[in-house]
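Offset between the sequence shown (1-based) and my numbering: plus 1.
The beta carbon of each residue, even a glycine, is placed where N, CA and C say it ideally should be.
Read through the structure below, which is laid out as structure tokens, and then see the notes.
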Amino acid sequence: AGLVVAEIGAIVTEFSGIAGIGDVFGVPRLVSLGLPAALLLGLVFTGSYRRVEVVAIAVGLFELVFIGLAIAARPNPGDIVASFAHMPLGDSSYRVLIAANIGAVIMPWMIFYQQSAIVDKGLGWDHARNARLDTFVGAVISQCVMGAILIAAAATIGQAGQGTKNGLETVGDLAGAFTPALGPWLGQVVFGVGIVAAAFVALNVVALALAWGFGDVTGRPHSLEQSPREAPAFYGTFALVVVAGAVTVQLVTNLVALNIAVEVMNALLLPLALGLLILLATRALPEERRVRGAYTWVVYGVSGLTVAFAMIGVLDGIGLL
Numbered sequence: 002a003g004l005v006v007a008e009i010g011a012i013v014t015e016f017s018g019i020a021g022i023g024d025v026f027g028v029p030r031l032v033s034l035g036l037p038a039a040l041l042l043g044l045v046f047t048g049s050y051r052r053v054e055v056v057a058i059a060v061g062l063f064e065l066v067f068i069g070l071a072i073a074a075r076p077n078p079g080d081i082v083a084s085f086a087h088m089p090l091g092d093s094s095y096r097v098l099i100a101a102n103i104g105a106v107i108m109p110w111m112i113f114y115q116q117s118a119i120v121d122k123g124l125g126w127d128h129a130r131n132a133r134l135d136t137f138v139g140a141v142i143s144q145c146v147m148g149a150i151l152i153a154a155a156a157t158i159g160q161a162g163q164g165t166k167n168g169l170e171t172v173g174d175l176a177g178a179f180t181p182a183l184g185p186w187l188g189q190v191v192f193g194v195g196i197v198a199a200a201f202v203a204l205n206v207v208a209l210a211l212a213w214g215f216g217d218v219t220g221r222p223h224s225l226e227q228s229p230r231e232a233p234a235f236y237g238t239f240a241l242v243v244v245a246g247a248v249t250v251q252l253v254t255n256l257v258a259l260n261i262a263v264e265v266m267n268a269l270l271l272p273l274a275l276g277l278l279i280l281l282a283t284r285a286l287p288e289e290r291r292v293r294g295a296y297t298w299v300v301y302g303v304s305g306l307t308v309a310f311a312m313i314g315v316l317d318g319i320g321l322l
């Protein structure tokens, strides 16, 4: 149940990003939401795991534009270093954003997606080393992209008069943060391409994770190597959550607030996801494959600190601190 809540929230978040970019360029939401939903359904319903993976990687490469944006913004290295000493941790709103960022980086559904993807890909213990390396490289690249977005926005924020007295309230305000570096039109286009690419890949991952999870629980066929006729429940679940997410965003007005709320919810579910993962790594795996020794305490420590920061932000958000 917790996984379903997290994944539905994530699907709504990704669609809201695409809808926000559509709003920037005056594209009706019926089109900005309907087109990617149709493309996603077409890709999954007519492809194998390999095809879905290749398309996702190709689209995901567009996210690297954010690294170019960070370079074009010409950030001051001294300001970047100094910012680490000036974090307003006493501000409850800032702590809520910390929780949202944790929820955005360590999303519970990503863990379950990866285990199902490895099974669908047909990998075994002999492939564990390469799978871990793949995960490590992907984590580094994704955090470089996230860091680039933060650096580019921080270096240019306010220079083009974007936002309101209450801050950045729309995706258009966020896109405006990149206009000083590349100009009004090009800045918005590059930002839009990066956001849409990231959202499309994430939608694919989230919806597949939910459909795979449903198959795991019910015991019904659930593989991309099977046709819709062979695995109707798997493909039906995928289609249902994609369409439901698009329809939900069609009815929402404040997309930025929606995104923050969903990421805070992810942070709330983090103890469940990390707890299950730790139990899997230390108890459920065959003894020779379990996490052990000093590394076990590193896992406990890092997970505990992450959950603690997330929970402080969540409790702030609901007014209990």
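Keeping to the same chain, check which residues put their C-beta closer than 8 Å to that of residue i; ignore five residues upstream and five downstream.
i    : result
V243 : I12, A38, L41, L42, L204, A208
N77  : A156
S84  : A155
Please return the same chain residues whose Cβ sits closer than 7 Å to the Cβ of residue i, not counting the five positions on each side in sequence.
i    : result
K122 : Y50
I107 : L271, T307
P233 : none
V292 : A282, T283, V300
Could you have a look at residue i and say whether DSSP puts it in helix, strand or coil?
i    : result
L286 : coil
G164 : Here G164 scores only 49 on pLDDT, less than 50, and its place in the model should not be relied on; the value that follows carries that caveat. DSSP places G164 in coil when its eight states are reduced to three.
H87  : coil
A232 : coil
E226 : coil
V40  : The sequence shown places Leu at residue 40, not Val. Here L40 sits in helix by DSSP.
R291 : coil
V253 : coil
A74  : coil
G184 : coil
F239 : helix
R221 : coil
V325 : The requested residue 325 does not occur in the structure, where the chain is confined to residues 2 to 322.
S49  : coil
I107 : coil
F26  : coil
L98  : helix
D127 : helix
Check the Cβ-Cβ distances between residue i and every residue of chain E, and say whether any is below 8 Å.
i   : result
I58 : Chain labels in this structure do not include chain E; a single protein chain is all it has.
Between residue i and the rest of its own chain, which residues show a CB-CB distance below 6 Å, the 5 nearest in sequence each way excluded?
i    : result
A311 : A100, I103, A268, L271
G164 : Note that G164 scores 49 on pLDDT, short of 50, meaning its location in the model is unreliable; the coordinates nonetheless yield the value given after this. Excluding positions up to five away in sequence, the list reads D174.
V197 : I19, I22
V1   : With the chain represented from 2 up to 322, any question about residue 1 goes unanswered, as that position is not in the structure.
T14  : N260, V263
F235 : A212, G216, H223
Whole angstroms are fine: how far does the CA of residue j sit from the CA of residue i?
i    : j    : result
V250 : Y296 : 42 Å
L331 : P29  : What is shown of the chain runs 2 to 322, which leaves residue 331 out entirely.
L325 : N131 : The question about residue 325 has no answer here: the residues shown for the chain are numbered 2 through 322.
G216 : D317 : 36 Å
G246 : A105 : 18 Å
S117 : H223 : 10 Å
S143 : I152 : 14 Å
P229 : R221 : 12 Å
V6   : L36  : 25 Å
I68  : G237 : 37 Å
L280 : G294 : 15 Å
F239 : G79  : 47 Å
E288 : A282 : 10 Å
T219 : L98  : 36 Å
A285 : S33  : 44 Å
L225 : I58  : 17 Å
T47  : I81  : 46 Å
C145 : I119 : 24 Å
V190 : G27  : 13 Å
If you check the beta carbons only, do residue i and residue j fall under 8 Å apart?
i    : j    : result
V56  : V194 : no
A210 : E8   : yes
R75  : I313 : no
V60  : F201 : yes
V248 : S17  : no
E64  : A199 : yes
V25  : A176 : yes
A149 : L70  : yes
V303 : V265 : no
L278 : I72  : no
L273 : W110 : no
Using only the heavy atoms of the ligand HEM, determine whether one of them is closer than 7 Å to the beta carbon of residue i.
i  : result
E8 : With respect to the ligand HEM, the structure shown offers nothing to examine, as it has no ligands at all.
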